[in-house]
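Structure first, commentary second.
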Amino acid sequence: MVFKWCIHCVSSILQMCFIGLESEEMNRGLILKFENLVQLRGVCRQLRTLSHRRVYRAQWEPVQSSAQPVRSVLLYPQLWQKDKLISVALSQCRQLATKEETKKKKKKTPVTKGEVEIRQKMTVEELAQAMGKDIDHIYEALLYTDIDLDSVEPDSILYEDHIKLVVKKSGMKFKSAKLKEEKERVNTDAVKRPPADPAALTPRPPVVTILGHVDHGKTTLLDSLRKTQVASMEAGGITQHIGAFLVHLPSGEKITFLDTPGHAAFSAMRARGTHVTDIVILVVAAEDGVMQQTVESIQHAKNAGVPLILAINKCDKPEADPERVKKELLAHDVVCEEFGGDVQAVNISALKGENLMVLAEATVALAEMLELKADSTGLVEGTVIESRKDKGKGPVTTAIVQRGTLRKGCVLVAGKTWAKVRFMFDENGKAVEAASPGIPVEIMGWKEVPSAGDEILEVESEQRAHEVVSWRTYAEQQERMKREVEVIEAKQKEHRMEYEKKQQKLAHLTWRQRKAVLYKANKHLMFSRPKERTEMDKNVLSVIVKGDVDGSVEAVLNILDSYDADDECKLDVIHFGMGDISETDINLAEAFNGVVFGFSVKANESIKQLAAKKGIKIKLHNIIYKLIEDLKDELNSRLPPSVVENIIGKNKIPVAGCRVQKGLLDKKMKFKLIRNRDVIWKGSLSSLKHHKDDVQVIKAGMDCGLSLDKYLEFSIGDGIICYEEKEVQQTTSWDPGF
């Protein structure tokens, strides 16, 4: 019975294959030839006959069927060589059956006939795919809208109301597609530890910030304290960078000083310095008194809640008046002890080193009153004071440790970068093994340069550092995308309103007339070359800013943020960064027709030659106000020249003749007719005569007769002014505060 059942199955399968040859799809899947199937069908009939007679394979002999004498077939051994053919047929049938079962198992998404899923901001091509139509069908449907088809491409974005109208005109219904809800990401950011147990706290050195107006002697004061010559190394004698130094006093006390620049351009850096400091020493020159940056420094200290010590400098000068300084400070709520306040005032001379120890003792005494302590155990917490990219050391930061003890091998995170500490150096460049709270240190091992002011946190491993940086990068991207979407939507709304206004103006015209009007309006752009289009935007200055350290770049960008003369010349910062001028900067400047400004950086000869070859300007400066002056000159050069009338001579006309009262009349120049202080004519002279002779020039005091190039009746008392027009270079109205 089993044998009979197998034979029956094989025969049925092969019969299905034979019948299925009529189907084009089955015919492509099978590799058997028609004649082979015929032979196989005959074999199957013999197998069925043998099964009815219950004959075993071992007893098979040549048999002639009485029922079919004509079509009888002998089962010779060569017929059984068809086994391979049968196995191929079975495998093909099995494969087809498996495919059919797989298709049935697949869950088909139910599609409502004539219903289209739409979403906002679909392109023409996407809408065509969603509707199952070609792009031409969409174009035809758009004829019923106010869209200009000449400007529509397959990748053009359509508004939602236009999408709905196209679907309706196509006889379909629409439904809004469900937005994919993005899985909320788990916050893996690093945070500060909870406050430490007061019993575990140990004393630490105070962090002192020197603030004050430019040239009031802040850097000279630090030089005298640490016996170095920093000011002589600074360009122009102005401190350009923020630095941290540890000063050892003769009494054995340690004080960490932050040297912040006093220039107006670095107000952001000064503000950052006060947020990591414990005490502010306000330096005021005795002969100058309270200045603009002095007031700003006082405000920074108040915002940070940091106590002040007043250092009245340059008291050795004859014109010094310390008492006037103290009285001026009263107006800014800085009350010295002698006036009943709590601010210590020390008269010093930083240049001669007078009373410096008194100032140091006042600082130590105030620090003792503040009881400055920190936890020197556990994970490190600190702040980046300055960062830069060093050619030999790579990304380097100057930082102050605020909690824990920093050692080699620690894994740190700051901003969107991390570091495994390779080396640490003190302010003198000497390698150190550890840095406790309150100690400034230079750190090597950063993957990228962090920003000055970034919070430093130690994490358990490099894997954890990657998690923190990945989360912060993701969070910043989400915030940026949110802002960009808001800007895009606002721009789209603005463009939509402009488009509707234009359409309203052209609504009374036919589509052919509209096309003609638009063609005339844009004709000058269509036929202009790319170079000519660039020249049309001549009043745009694209700049690239490169600086030696992060703080310098930030200071320059802060000044550029105050630019408020876009109506005269647009200022566009296309790139900024740290390090020397590179080939990438030159190529970028060439693409945007820009200028490269470098602050305390260099450009090697090959870069200069490349820039000269491409016609790119490189402006290198070491003093920030010189850089800004150069930038203003560049802006002025982009402004179109203004025409100024230069009066050469004028006269009064009694009837037809005239007498030159001042200057001269030159027939080649331009003239204007003044009547009752109003200009009633401008143009040229058709003739100029002295007596009966034609002349070119009439000087002051001479009589002449003249006629205009336009018929005009003169009145007694009219005035004629001869003038020439000169192009004068305009200057920008932007005032950066220098």
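If you're matching positions, the sequence shown starts at 1486 in my numbering and goes up one per residue. Glycine residues also receive a C-beta, built at the ideal position from the N, C-alpha and C atoms.
- Tell me whether F1485 is buried or exposed, calling it buried when 16 or more other Cβ atoms sit within 10 Å of its Cβ. Beyond the ends of the chain as shown, which are 1486 and 2223, falls residue 1485; an answer cannot be given.
- Message: Suppose contacts are defined by Cβ-Cβ distances below 9 Å. Is C2207 in contact with D2163 by that definition?
- Response: Counted from its first residue, the sequence shown places residue 2207 at position 722. Counted from its first residue, the sequence shown places residue 2163 at position 678. It is not a contact, given that the beta carbons lie outside the stated cut-off.
- Message: Using a Cβ-Cβ cutoff of less than 6 Å, which residues in the same chain neighbour V2086 once the five nearest sequence positions on both sides are dropped?
- Response: Here residue 2086 refers to the residue found at position 601 of the sequence shown. Same-chain partners within the cutoff: K2031, D2033, D2065.
- Task: Report yes if the CB atom of H1817 is closer than 9 Å to the CB atom of V1886, and no otherwise.
- Result: For the purposes of this step, residue 1817 is taken as residue 332 along the sequence shown, with counting starting at 1. For the purposes of this step, residue 1886 is taken as residue 401 along the sequence shown, with counting starting at 1. Contact flag unset, no.
- Task: Drop a sphere of 10 angstroms on the beta-carbon of F1824, count the other beta-carbons inside from all chains shown, and report buried for 16 or more, exposed for fewer.
- Result: Along the sequence shown, read from residue 1 onward, the residue named residue 1824 stands at position 339. F1824 comes out exposed.
- Whole-angstrom distance between V1849 and A2088, CA atom to CA atom: Against the sequence shown, residue 2088 aligns to sequence position 603. Against the sequence shown, residue 1849 aligns to sequence position 364. Near 46 Å, if we compare the C-alpha coordinates of V1849 and A2088.
- Task: Please check the pair I1642 and I1603, which I expect to be a contact at CB under 8 Å, by giving their CB distance rounded to whole angstroms.
- Result: As a position in the sequence shown, residue 1642 is number 157, starting the count at 1. As a position in the sequence shown, residue 1603 is number 118, starting the count at 1. Between I1603 and I1642 the Cβ distance is about 13 Å, and since that is not below 8 Å, they are no contact.
- Shorter than 9 Å from the beta carbon of D2179 to some beta carbon of chain B? Checking the listed chains, one finds no chain B in this structure; it contains a single protein chain.
- Residue span of the beta strand (DSSP E) that contains V2028, given as start and end: Within the sequence shown, the letter at position 543 stands for residue 2028. Unbroken beta strand (DSSP E) run through V2028: 2025–2032.
- Under a Cβ-count criterion, where at least 16 other Cβ atoms within 10 Å of its own Cβ denotes burial, should A1830 be classed as buried or exposed? Here the question's residue 1830 lines up with position 345 in the sequence shown. The residue in question, A1830, is buried, as its Cβ has 16 or more Cβ neighbours within 10 Å.
- Query: For S1636, which option in L2191, G2142, L2003 has the closest C-alpha, if you only look at C-alpha atoms?
  - Reply: The residue given as residue 1636 occupies position 151 in the sequence shown. Comparing Cα-Cα distances from S1636 to each of L2191, G2142, L2003, the minimum goes to L2003.
- Where does V2213 land, buried or exposed, given buried means 16+ other C-beta within 10 angstroms? One-based indexing of the sequence shown puts residue 2213 at position 728. Exposed, by the Cβ-count rule.
- How is the beta strand (DSSP E) around S2192 delimited, first residue to last? Taking the sequence shown and counting its residues from 1, the one referred to as residue 2192 is at position 707. S2192 -> beta strand (DSSP E) spans 2188–2193.
- Task: Can you tell me which of the three DSSP states L1686 falls into?
- Result: The count along the sequence shown starts at 1 and reaches residue 1686 at position 201. Coil at L1686, not helix or strand.
- Task: Would you decide whether E1432 is buried or exposed? Buried here means 16 or more other CB atoms lie within 10 Å of its CB.
- Result: Within the shown structure, residues of the chain are numbered from 1486 to 2223, placing residue 1432 beyond reach of any answer.
- Inter-residue CB distance, M1616 and S1655 (contact presumed, cutoff 8 Å): For the purposes of this step, residue 1616 is taken as the residue at position 131 of the sequence shown. For the purposes of this step, residue 1655 is taken as the residue at position 170 of the sequence shown. Rounded, the Cβ-Cβ distance is 6 Å, consistent with contact.
- Message: Under DSSP, the alpha helix (DSSP H) around D2035 begins and ends at which residues?
- Response: Within the sequence shown, numbered from 1, the residue matching residue 2035 stands at position 550. Looking at the DSSP string, the run of the alpha helix (DSSP H) that includes D2035 is 2035–2046.
- In the structure shown, what three-state DSSP assignment does L1731 receive? Position 246 of the sequence shown, counted from the start, is the residue given in the question as residue 1731. It is a strand residue.
- Which one or two residues does DSSP pair with V1881 in a beta bridge? Here residue 1881 is taken as the residue at index 396 of the sequence shown, counted from 1. Paired residue(s): R1873, M1929.
- Query: Exposed or buried, which one is R2018 when buried takes at least 16 other CB atoms within 10 Å?
  - Reply: For the purposes of this step, residue 2018 is identified with residue 533 of the sequence shown, where counting begins at 1. The pLDDT assigned to R2018 is 45, lower than 50, so where the model puts this residue is not dependable; a value taken from the coordinates is nonetheless given after this. Burial call: exposed.
- Does the beta-carbon distance from A1805 to A1859 come in below 9 Å? As a first step, residue 1805 is located in the sequence shown; it is residue number 320 there, counting from the start. As a first step, residue 1859 is located in the sequence shown; it is residue number 374 there, counting from the start. No. Outside cutoff.
- Beta-carbon separation (whole angstroms), T1673 vs L1836, contact threshold 8 Å: Translated into the one-based positions of the sequence shown, residue 1673 becomes position 188. Translated into the one-based positions of the sequence shown, residue 1836 becomes position 351. Rounded, the Cβ-Cβ distance is 53 Å, inconsistent with contact.
- Per DSSP, which one or two residues make a beta bridge with W1903? Taking the first residue of the sequence shown as 1, we reach residue 1903 at position 418. DSSP, once it has assigned bridges, lists V1898 as partnering W1903.
- Same chain only: Cβ atoms within 8 Å of H2060, ignoring 5 sequence neighbours per side: Residue numbering aside, residue 2060 sits at position 575 when the sequence shown is read from its first letter. For H2060, where only same-chain residues beyond five positions count, the Cβ hits under 8 Å are I2029, V2030, D2070, L2073.
- Expressed to the nearest angstrom, what Euclidean distance is found between the alpha-carbon atoms of A1852 and F1730? Position 367 of the sequence shown holds residue 1852. Position 245 of the sequence shown holds residue 1730. When rounded, the distance between both Cα atoms is 17 Å.
- According to the neighbour-count rule (16 or more other Cβ atoms, all chains shown, within 10 Å of its Cβ), is Q1778 buried or exposed? For this step, residue 1778 is matched to residue 293 along the sequence shown. When all chains shown are included, Q1778 counts as buried.
- Beta-carbon separation (whole angstroms), G1702 vs K1799, contact threshold 8 Å: The count along the sequence shown starts at 1 and reaches residue 1702 at position 217. The count along the sequence shown starts at 1 and reaches residue 1799 at position 314. That pair is a contact at about 6 Å.
- alpha helix (DSSP H) runs contained entirely in the stretch 1779–1824, provided each spans 4 or more residues: 1807–1815
- Query: CB W2219 to CB A1992, shorter than 9 Å?
  - Reply: What you label residue 2219 is simply residue 734 of the sequence shown in a count that begins at 1. What you label residue 1992 is simply residue 507 of the sequence shown in a count that begins at 1. The answer is no: Cβ separation not under 9 Å.
- Query: Under the DSSP definition of a beta bridge, which residues are partnered with L1942?
  - Reply: Within the sequence shown, residue 1942 is the residue found at index 457, counting from 1. According to DSSP, L1942 bridges with E1866, V1898.
- Could you have a look at W2219 and say whether DSSP puts it in helix, strand or coil? Position 734 of the sequence shown, counting from 1, holds the residue named residue 2219. W2219 falls in the coil class under three-state DSSP.
- Task: Can you grab the Cα-Cα spacing for the pair E2209 / F2156, in whole Å?
- Result: Translated into the one-based positions of the sequence shown, residue 2209 becomes position 724. Translated into the one-based positions of the sequence shown, residue 2156 becomes position 671. Going by the C-alpha atoms only, they are around 8 Å apart.
- Item | Classification of D2203 by the beta-carbon crowding that lies within 10 angstroms, buried from 16 upward | Residue mapping note: residue 2203 aligns to position 718 of the sequence shown, counting from 1. Under this definition D2203 is a buried residue.
- Query: Does the separation of the CB atoms of A1920 and L1891 fall below 9 Å?
  - Reply: Here residue 1920 is taken as the residue at index 435 of the sequence shown, counted from 1. Here residue 1891 is taken as the residue at index 406 of the sequence shown, counted from 1. Against a cut-off of 9 Å, the Cβ pair of L1891 and A1920 comes out as a contact.
- Message: So, at 6 Å on beta carbons, what are the nonlocal neighbours of Q1566 in its own chain, with the 5 sequence-adjacent residues on each side left out?
- Response: Taking the first residue of the sequence shown as position 1, residue 1566 is located at position 81. The predicted position of Q1566 is uncertain, since its pLDDT is 45 and thus under 50; no value can be drawn from it.
- S1872, buried or exposed, once every other Cβ within 10 Å from all chains shown has been counted against 16: Residue numbering aside, residue 1872 sits at position 387 when the sequence shown is read from its first letter. Label assigned to S1872: buried.
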